[in-house]
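>
Residue numbers (the UniProt record's numbering): 1 to 270.
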């Protein structure tokens, strides 16, 4: 439900018990009603018809609908209330006059690659490690419960083979909506992945270290379809020998290529 996820910064401001430091609603109406509910939520007054946690939920809802947030908030409360870290970006794409992406949005390309790499290898990779500049598709057992430190690489693509762009689509009611697309660069890779709002929220939550949620089935199917398209475009050069990646203790991959030449097995670092 909206409002059940709390924002620590705002929770501290809302429930101050000192009257001098008490939060004031910036709105044209319902200010007195808001203050009564805020006092119930802060346990400064008691109401037999409402428990304190119910009052707090009502305060958060009134804050969302009525408060005039200043620019320094950067949408922190709204994103937390709606439980969507990318909702404001998604909303801004719908009203902007062009299809250009801000530098801030382009930064999430590496975070998207991180999540795709986890899915393609079946290995959870912690945030903060030095990223690999290649995207690997491996032969694995698709089980995160089994540590798969060594895997055979079926295909490898450079991160430069992909780009982020905005694409216009029919919204079903006679208008258009813009959606973020993870696409192969023209002349290199002919495949793209549509990144809806739930997927982008998942990417951002993984970036902040939240590992409890799983990717929705619909997006797992999209990733599998995207993987199939990539596998059908393997360059013949990639089929020369077998590449194996080994997961190091620092959570980076060591690449080794095994090839037979002149009846001799050669092993080189990839």
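A virtual CB, placed ideally from N, CA and C, is assigned to each residue, including glycine. The model shown is predicted, which means the values in this text are computed figures rather than measured ones.
(1) If you count every other CB in all the chains shown that lies within 10 Å of the CB of residue 259, and 16 or more means buried, which is it?
(2) In angstroms, rounded to a whole number, what distance separates the CA positions of residue 204 and residue 261?
(3) For the 8 Å Cβ check, are there 3 or more pairs between the stretch 149-159 and the stretch 168-176?
(4) For the alpha helix (DSSP H) containing residue 32, list its first residue and its last residue.
(5) Out of 162, 136 and 42, which has the shortest C-alpha to C-alpha gap to residue 150?
(6) Does the beta-carbon distance from residue 148 to residue 122 come in below 8 Å?
(7) Using the three-state DSSP reduction, which class does residue 175 fall into: helix, strand or coil?
(8) Would you check if there are 3 or more beta carbon pairs closer than 8 Å linking the stretch 220-237 to the stretch 180-193?
(9) From the DSSP output, in three-state form, read off residue 142 for me.
(10) Figure out for me which residue from 263, 26, 245 and 249 has the closest Cα to the Cα of residue 255.
(11) Between residue 87 and residue 180, is the Cβ-Cβ spacing less than 8 Å?
(12) In whole angstroms, give me the CA-to-CA distance for residue 67 and residue 164.
(13) In the DSSP assignment, what residue or residues form a beta bridge with residue 87?
(14) State the Cα-Cα distance for the pair residue 266 and residue 120, rounded to the nearest angstrom.
Taking the coordinates as given:
(1) By 1-based counting over the chain shown, the position of residue 259 is 259. With fewer than 16 other Cβ atoms within 10 Å, it is exposed.
(2) Counted from its first residue, the chain shown places residue 204 at position 204. Counted from its first residue, the chain shown places residue 261 at position 261. Looking at the two C-alpha atoms, the distance is approximately 45 Å.
(3) no
(4) Taking the chain shown and counting its residues from 1, the one referred to as residue 32 is at position 32. Start and end: 31-41.
(5) Walking along the chain shown from the start, residue 150 turns up at place 150. Considering only alpha carbons, the answer is 136.
(6) If you number the chain shown from 1, residue 148 lands on position 148. If you number the chain shown from 1, residue 122 lands on position 122. Yes, the pair counts as a contact, with Cβ atoms nearer than the cut-off.
(7) Within the chain shown, the letter at position 175 stands for residue 175. The answer is coil: DSSP assigns residue 175 none of H, G, I, E or B.
(8) yes
(9) Walking along the chain shown from the start, residue 142 turns up at place 142. Coil, per DSSP.
(10) Along the chain shown, one-based indexing puts residue 255 at 255. Ranking 263, 26, 245 and 249 by Cα distance to residue 255 puts 245 first.
(11) As a first step, residue 87 is located in the chain shown; it is residue number 87 there, counting from the start. As a first step, residue 180 is located in the chain shown; it is residue number 180 there, counting from the start. It is not a contact, given that the beta carbons lie outside the stated cut-off.
(12) By 1-based counting over the chain shown, the position of residue 67 is 67. By 1-based counting over the chain shown, the position of residue 164 is 164. Whole-angstrom Cα-Cα distance: 34 Å.
(13) As a first step, residue 87 is located in the chain shown; it is residue number 87 there, counting from the start. Its beta-bridge partners do not exist; DSSP assigns none.
(14) To locate residue 266, count along the chain shown from 1; it is residue 266. To locate residue 120, count along the chain shown from 1; it is residue 120. If you take the alpha carbons of residue 266 and residue 120, they lie about 27 Å apart.
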